[in-house]
Amino acid sequence: MARITAGIACSHVPAIGVAMDQGITDQPYWQPVFKGFEFSRKWNEENKPDVVFLVYNDHCTAFDASVIPTFAIGCAADFTPADEGFGPRPVPVVKGHQKLASHIAQSVILDEFDLTIMNEMEVDHGLTVPLSVMFGDRKPGDDWGTLVIPLAVNVVQYPAPTANRCYNLGKAIRRAIDSYPEDLNVHIYGTGGMSHQLQAERAGLINAEWDQNFMDMLVNEPDKARKIDHVEFLRETGSEGIEMVMWLVMRGALDEKVTEVHRHYHVPASNTAVGHLILENHG
Amino acid sequence: MTQKPYDDIPGTFVFDADRSREGYWLNQFCISLRQEKNRQAFRDDPEAHMSRFAMTEDQKQAVRDRDWNRLLELGGNIYYTSKLAAFDGIVFQDLAAMMSHMSRDDYRKMMVEGGRKIEGNRYKSEWEKE
Ligand SMILES: [Fe+2]
């Protein structure tokens, strides 16, 4: 049977990808960011997933203003890293697990979560940066070392799906994966955040205290975390902090009690607070 | 327009359906610059490239002026307007500095020191007191 053995939360700041692509990760500015990923890469080596279910958002790359799906699951055989205006990132093409992806889509839709199905999709930094964080440097001809099922969530146009909806979707994804007959080690990623505002006069907002409380709550009291409303995210964590609803999808797919094996928090990477958790499932 | 629960957050344009409707062609114009052929067209003849999108005169003027906050006010979204900034060779962090009326160095320093504080930046009323 397929099993979700761990959940990973990770910011997907584009500058983290740029720092890796340019090989400047040991510069003083970046050193503390990447120091916190050293454990993660070792842990990832030792706990290699067969499939990563990766919850992220598209930043107006695959979807422009003409189509805004709230939840879209990638069912393609592969996903090409997109040109976001500076040429595509020099990283491998992302390979999907088509059978599992369509199994999840079917199961979750019958569970009353109406996903959009993507049979072709380019992926941006929201998806490739967390893979780079966990799998380290990979060149375009390489293999990522895992298959990936992308789930794109709208967090660009208000309203994003609620934290509670995301959490419940995570539970439905768990049921879908639990019912898949092939023996597979699955990790689920919730990406984006933490506090950041990229726009207008309040740009640069960071709320470290809120971020740390959120991580505590997400790990130990997910029932509280899923009740956080949009206005709190917007006010307390900046307009782009709303991305953290995606961490709730990940959390919903794990057991009620999990073990936090790693936490990393650093300000800043560019305009953003970097947050990262590795949670192991017992079940 | 009716009051929205996030209207009292200072220095922030929440990109909701009203803004999305107003900014649709502005955003589609900006995102066109993701592709080199469109960047070339905009470089060659800015007015001609803009005229392919049904933007209002105000929006076009804000593009000409590179008035970054005005673009947001007129329905632009930062993930779109940042493509226009990238076209000009402006990196995201410097764009953030411009939008918050800070020098590049002051903004960088603020971020390295932990970012803009939440205290005093939750409500518009806190900004009005100053
Ligand atoms: Fe993002």
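Protein chains in written order, with the numbering used here: chain A, 1 to 283; chain B, 284 to 413.
Positions of the beta carbon are idealized from the N, C-alpha and C atoms, including for glycine.
These numbers come from a predicted model, not from an experiment.
Asked                                                                                                                                                  : Found
Tell me the residue span of the alpha helix (DSSP H) that contains I109(A).                                                                            : 98 to 110
Run down chain A in chain order and give the residues with a C-beta less than 7 Å from the C-beta of M393(B).                                          : G204
Report the CB separation of D50(A) from T146(A) in whole angstroms; it is logged as a contact under 8 Å.                                               : 7 Å
Is G204(A) near ligand 1, going by C-beta to nearest heavy atom under 8 Å?                                                                             : no
Specify the secondary structure class of L316(B) as computed by DSSP and reduced to three states.                                                      : coil
Verify the contact flag: H276(A), CB atom, against every heavy atom of ligand 1, threshold strictly below 8 Å.                                         : no
In terms of residue numbering, what span does the alpha helix (DSSP H) encompassing I177(A) cover?                                                     : 163 to 178
Decide if G372(B) is buried, meaning its Cβ has at least 16 other Cβ atoms within 10 Å, or exposed.                                                    : exposed
Between the Cα of L198(A) and the Cα atoms of R174(A), F233(A), S239(A), L234(A), which residue gives the shortest distance?                           : S239(A)
Cβ of P329(B) less than 9 Å from any chain A Cβ?                                                                                                       : no
At the level of alpha carbons, what is the spacing between I16(A) and A269(A)?                                                                         : 7 Å
Look up V123(A) in the DSSP assignment and give the residues it is bridged to.                                                                         : P81(A)
Ligand 1 heavy atoms versus the CB of H264(A): any closer than 8 Å?                                                                                    : no
Any beta-carbon of chain B closer than 9 Å to the one on H230(A)?                                                                                      : yes
Within 8 Å: the Cβ of E240(A) and any heavy atom of ligand 1?                                                                                          : yes
Tell me which residue opens and which closes the beta strand (DSSP E) that H264(A) is part of.                                                         : 258 to 269
Can you pull the chain A neighbours of N321(B), defined as C-beta to C-beta under 9 Å?                                                                 : Result: empty, since nearest Cβ-Cβ is about 10 Å, beyond 9 Å.
Can you find a heavy atom of ligand 2 that lies under 8 Å from the Cβ of N271(A)?                                                                      : What this structure holds is ligand 1, not ligand 2.
Using a C-beta cutoff of 9 Å, does S365(B) count as contacting chain A?                                                                                : yes
Using DSSP with H/G/I as helix, E/B as strand and the rest coil, what is P14(A)?                                                                       : helix
Given 8 Å as the limit, tell me if H97(A) has its C-beta closer than that to any heavy atom belonging to ligand 1.                                     : no
For the beta strand (DSSP E) that contains F71(A), what are its first and last residues?                                                               : 71 to 74
What three-state label does DSSP hand G342(A) in the structure shown?                                                                                  : With chain A represented from 1 up to 283, any question about residue 342(A) goes unanswered, as that position is not in the structure.
Considering only residues of the same chain and omitting the five flanking positions on each side of S291(B), which have a CB-CB separation below 6 Å? : It should be noted that the sequence gives Asp, not Ser, for residue 291(B). Closer than 6 Å at the Cβ level, and outside the excluded window around D291(B), lie Y406, K407.
Quick one: what's T272(A) bridged to in DSSP?                                                                                                          : A269(A)
List the residues of chain A that D371(B) touches, going by C-beta distances under 9 Å, in chain order.                                                : Residues of chain A passing the Cβ test: none, with the nearest at roughly 12 Å.
Does any residue of chain B bring its CB to less than 9 Å from the CB of S102(A)?                                                                      : no
Would you tell me roughly how many angstroms separate the C-alpha atoms of H103(A) and A152(A), rounded to the nearest one?                            : 17 Å
In chain A, what lies closer than 7 Å to G294(B) by C-beta?                                                                                            : A200, E201, R202
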